[in-house]
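Number of protein chains: 2
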Amino acid sequence: MKLTFAPQEDAAAGGPIGVLCFSGDLPTSVAGFARERGHDVFIIAFRGFASRAVEGFPHTWVKLGQLGRLFRVMRGRSIRRIVIVGALTRPHLRDLSLDWKGLRDIPSILRTLRAGGDDSVLRSAVRYFEDHGLQVMAVSDVAPELLAAEGQLGAIAPDAKELSNLRIGMGVLDALSSFDAGQACVVLDGRPVAIEGAEGTDGMIVRVSELRANGRLRVSGPRGVLVKAAKRGQDLRVDLPTIGPRTIELAAKAQLAGVAIEAGKSLIAEREACLALADRLGLFVLGVARG
Amino acid sequence: MKLTFAPQEDAAAGGPIGVLCFSGDLPTSVAGFARERGHDVFIIAFRGFASRAVEGFPHTWVKLGQLGRLFRVMRGRSIRRIVIVGALTRPHLRDLSLDWKGLRDIPSILRTLRAGGDDSVLRSAVRYFEDHGLQVMAVSDVAPELLAAEGQLGAIAPDAKELSNLRIGMGVLDALSSFDAGQACVVLDGRPVAIEGAEGTDGMIVRVSELRANGRLRVSGPRGVLVKAAKRGQDLRVDLPTIGPRTIELAAKAQLAGVAIEAGKSLIAEREACLALADRLGLFVLGVARG
Numbered sequence: 098m099k100l101t102f103a104p105q106e107d108a109a110a111g112g113p114i115g116v117l118c119f120s121g122d123l124p125t126s127v128a129g130f131a132r133e134r135g136h137d138v139f140i141i142a143f144r145g146f147a148s149r150a151v152e153g154f155p156h157t158w159v160k161l162g163q164l165g166r167l168f169r170v171m172r173g174r175s176i177r178r179i180v181i182v183g184a185l186t187r188p189h190l191r192d193l194s195l196d197w198k199g200l201r202d203i204p205s206i207l208r209t210l211r212a213g214g215d216d217s218v219l220r221s222a223v224r225y226f227e228d229h230g231l232q233v234m235a236v237s238d239v240a241p242e243l244l245a246a247e248g249q250l251g252a253i254a255p256d257a258k259e260l261s262n263l264r265i266g267m268g269v270l271d272a273l274s275s276f277d278a279g280q281a282c283v284v285l286d287g288r289p290v291a292i293e294g295a296e297g298t299d300g301m302i303v304r305v306s307e308l309r310a311n312g313r314l315r316v317s318g319p320r321g322v323l324v325k326a327a328k329r330g331q332d333l334r335v336d337l338p339t340i341g342p343r344t345i346e347l348a349a350k351a352q353l354a355g356v357a358i359e360a361g362k363s364l365i366a367e368r369e370a371c372l373a374l375a376d377r378l379g380l381f382v383l384g385v386a387r388g
Numbered sequence: 098m099k100l101t102f103a104p105q106e107d108a109a110a111g112g113p114i115g116v117l118c119f120s121g122d123l124p125t126s127v128a129g130f131a132r133e134r135g136h137d138v139f140i141i142a143f144r145g146f147a148s149r150a151v152e153g154f155p156h157t158w159v160k161l162g163q164l165g166r167l168f169r170v171m172r173g174r175s176i177r178r179i180v181i182v183g184a185l186t187r188p189h190l191r192d193l194s195l196d197w198k199g200l201r202d203i204p205s206i207l208r209t210l211r212a213g214g215d216d217s218v219l220r221s222a223v224r225y226f227e228d229h230g231l232q233v234m235a236v237s238d239v240a241p242e243l244l245a246a247e248g249q250l251g252a253i254a255p256d257a258k259e260l261s262n263l264r265i266g267m268g269v270l271d272a273l274s275s276f277d278a279g280q281a282c283v284v285l286d287g288r289p290v291a292i293e294g295a296e297g298t299d300g301m302i303v304r305v306s307e308l309r310a311n312g313r314l315r316v317s318g319p320r321g322v323l324v325k326a327a328k329r330g331q332d333l334r335v336d337l338p339t340i341g342p343r344t345i346e347l348a349a350k351a352q353l354a355g356v357a358i359e360a361g362k363s364l365i366a367e368r369e370a371c372l373a374l375a376d377r378l379g380l381f382v383l384g385v386a387r388g
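Going down the list, the protein sequences come from chains A and B. Per this note's numbering, residue 98 is the first one in the first sequence, and the count goes up by one each step. Per this note's numbering, residue 98 is the first one in the second sequence, and the count goes up by one each step.
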């Protein structure tokens with residue numbers, strides 16, 4: 098990676114970085130790496146989403162919708178910079194709670210929910226926090242270690258055929274980049290057999306398993322590559338393309354030969370475990386720089 | 098439609114048109130319209146695929162793989178022009194049979210099966226017949242009545258929002274046109290929520306139903322449009338985009354507002370029934386000319 102970082106500037110900016118944590122292991126990884134880089138971090142954990150592992154850091158729990166409480170916590174701790182991390186899985190009703198500020202502001206944040214893709218909701222949340230004087234940072238700013246490097250990342254190398262599939266897949270994602278569609282596809286024997294829409298990357302990979310099982314894809318053996326990249330112009334502060342052990346597991350079930358993600362603009366959650374799993378299951382993992 | 102036809106030339110070309118019939122109602126519609134236009138037709142019905150309705154025409158049954166028999170029939174009837182119609186659903190083993198010529202030639206036709214999409218198999222079949230001195234015609238040559246006209250085809254008109262979805266969908270299909278991917282997508286509230294890969298159009302529409310049922314698409318009421326078009330440069334002799342009553346049924350189950358197909362380059366199977374069903378279920382059907 099050829100990025101430059103200046104964590105020393107942190108002190109000047111003042112106050113800890115608020116890590117707004119949703120689902121998965123990524124939030125605590127981000128907080129951990131940020132702390133190792135000398136950042137002061139404070140975790141705001143969303144109940145019903147964030148894992149208990151956040152309790153290893155200075156933290157507080159809030160419910161989704163408690164915007165008044167959220168801003169009081171941040172003011173009280175002099176938090177002026179935040180990073181939003183983790184998956185926004187569907188919450189249980191018991192984990193939702195609206196305080197007065199939530200009641201007032203959330204409708205405008207959610208107004209985009211019907212209109213557009215997930216992206217627009219997240220963009221709208223970023224704008225909301227910025228309007229409240231907060232600086233919204235990207236994971237790549239506070240924990241660049243988590244970004245995928247360029248080149249072969251695991252023990253297994255792709256063959257020429259899969260490199261050609263990979264190029265086709267990058268072409269498909271480029272072509273779709275201006276649409277609010279998915280950011281992943283599976284290319285097998287030169288053909289894009291699955292393209293991500295609203296079902297998400299996992300759902301798309303499962304589809305490839307089904308297509309192989311029901312005979313619509315009449316191929317056997319490990320073949321095909323999952324290609325995942327950021328949309329051009331995507332706001333990486335809210336939606337970095339991410340793979341993790343589950344991605345590898347599903348790709349192996351779909352009998353893919355490997356996984357390619359965009360170098361410098363994608364995250365590997367549980368990186369060690371993820372790459373070890375890929376090695377064990379015989380999948381290559383590639384970080385690909387984009388022209 | 099502003100196409101010109103000269104069925105009178107038929108006599109000069111000599112011999113009947115061989116209609117190679119696979120699954121569905123389309124083959125007999127094509128044969129029927131061709132006959133109404135004054136063409137002499139002879140049906141070669143593939144057992145296990147073609148419907149019994151073919152028996153209303155001069156016909157013979159062959160099994161898939163009996164290439165020797167197929168060419169003997171065509172020579173015996175002076176068939177020099179053929180049209181290939183109907184869906185190539187997965188055959189039962191009992192409906193396959195290889196004669197000597199089949200045994201010799203089919204491997205080369207199928208060699209493309211693993212390598213590419215359905216398109217390449219069909220292209221390869223067309224080339225095979227052409228190499229044997231046959232002229233392969235398009236449905237649009239022999240039964241242009243079956244092509245979708247431009248404009249509103251049913252009783253229901255799309256609103257401005259769905260027209261905008263439709264334009265986005267055409268953009269997605271344009272962007273993907275150079276890839277051997279699907280030729281359909283569903284756009285809902287400005288967002289391409291499903292893009293066709295190897296699962297086929299029906300599978301893709303069913304996915305939209307599932308995404309609405311499982312809450313990944315949080316919208317209610319009839320919204321969204323299925324857009325289906327030919328790939329640019331697609332050989333329309335083998336794979337005209339086709340919708341039929343089942344398409345409308347699935348689109349209604351997915352609570353779409355309507356269906357748009359490319360005018361002059363798509364077929365509506367069971368046209369009357371199809372449009373009546375769309376009217377009854379409240380879906381618009383549009384034929385769209387492409388720039």
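Glycine included, every Cβ here is placed at the ideal spot set by N, Cα and C.
Look at S120(B) here: in three-state DSSP terms it is strand.
Using beta-carbon distances, C282(B) counts as an interface residue toward chain A, with a partner under 9 Å. Close partners of V290(A) in chain B (Cβ separation under 9 Å): G214, A278, G294, A295 and E296. Nearest in C-alpha terms to T157(B), of all of R134(B), L314(B), F119(B) and V269(B), is F119(B). Selection L185(B), E227(B), D271(B) and L372(B) evaluated against D336(B) yields L185(B) as nearest (Cα-Cα).
Rounded to the nearest angstrom, the gap between the Cα atoms of V290(B) and P204(B) is 38 Å. Per the coordinates, the alpha-carbon of E227(B) lies some 17 Å from the alpha-carbon of V236(B). Of all C-beta pairs linking the segment 321 to 341 of chain A to the segment 356 to 364 of chain A, three or more are shorter than 8 Å, placing the two stretches in contact. Nearest CB-CB separation between G268(A) and chain B: below the 9 Å threshold. Under the three-state reduction of DSSP, K350(B) is assigned to helix. Counting C-beta atoms within 10 angstroms of its own C-beta, N311(B) has fewer than 16 neighbours from the protein chains shown and is therefore classed as exposed. The contact set of A272(B) on chain A, defined by CB atoms closer than 7 Å, consists of A272 and L273 in chain order. One alpha carbon belongs to R320(B), the other to E307(B), and they sit about 15 Å apart. Taking C-beta separations shorter than 6 Å and ignoring five residues to either side along the sequence, the partners of V283(A) in its chain run V290, A291, V305, G321 and L323, following chain order.
The beta-bridge partner set that DSSP reports for H156(A) consists of I140(A). For L161(B), the nearest beta carbon of chain A is not closer than 9 Å to its own beta carbon. For R220(A), not one C-beta of chain B is nearer than 9 Å to its own C-beta. CA-to-CA, the gap between G300(B) and G111(A) works out to about 54 Å.
Within chain B, G294, A295, E296 and G300 have C-beta atoms less than 9 Å from the C-beta of L308(A), given in sequence order. Annotation for A240(A): no beta strand (DSSP E) segment contains it, and DSSP assigns it neither H nor E. Under the Cβ distance rule, G287(B) counts among the residues neighbouring chain A, one pair being separated by less than 9 Å. Bridge partners of I265(B) according to DSSP: none are assigned.
Apart from sequence neighbours up to five positions away, the residues of its chain that approach A245(B) with a beta-carbon distance below 6 Å are I358, A360, S363, I365 and G384, ordered along the chain. Under a 10 Å Cβ-count criterion, A354(B) is classified as buried, with 16 or more other Cβ atoms of the shown protein chains found around its own Cβ.
Taking 9 Å as the threshold, the shortest C-beta distance from R329(B) to chain A does not fall below it.
Here L270(B) carries a helix assignment [DSSP, helix/strand/coil]. Under the three-state reduction of DSSP, E247(A) is assigned to coil, being neither helix nor strand. DSSP, read as helix, strand or coil, puts K258(B) in helix. Judged by their CB atoms, I114(A) and M267(A) are not nearer to each other than the 9 Å cut-off. Here I345(A) carries a helix assignment [DSSP, helix/strand/coil]. The Cβ atoms of F130(A) and L243(A) lie closer than 9 Å to each other. If you compare the alpha carbons of G379(B), I206(B), G162(B) and I140(B) with that of M171(B), the shortest gap goes to I140(B). Chain B places a beta carbon closer than 9 Å to that of I265(A), counting this residue as a contact. Check the Cα spacing between V138(A) and each of L117(A), G248(A), H189(A) and F146(A): the tightest is with L117(A). Distance from the CA atom of A272(B) to the CA atom of R166(A), rounded to whole angstroms, is 46 Å.
For the segment 358 to 369 of chain A, there are no residues whose beta carbon sits under 7 Å from a beta carbon of chain B.
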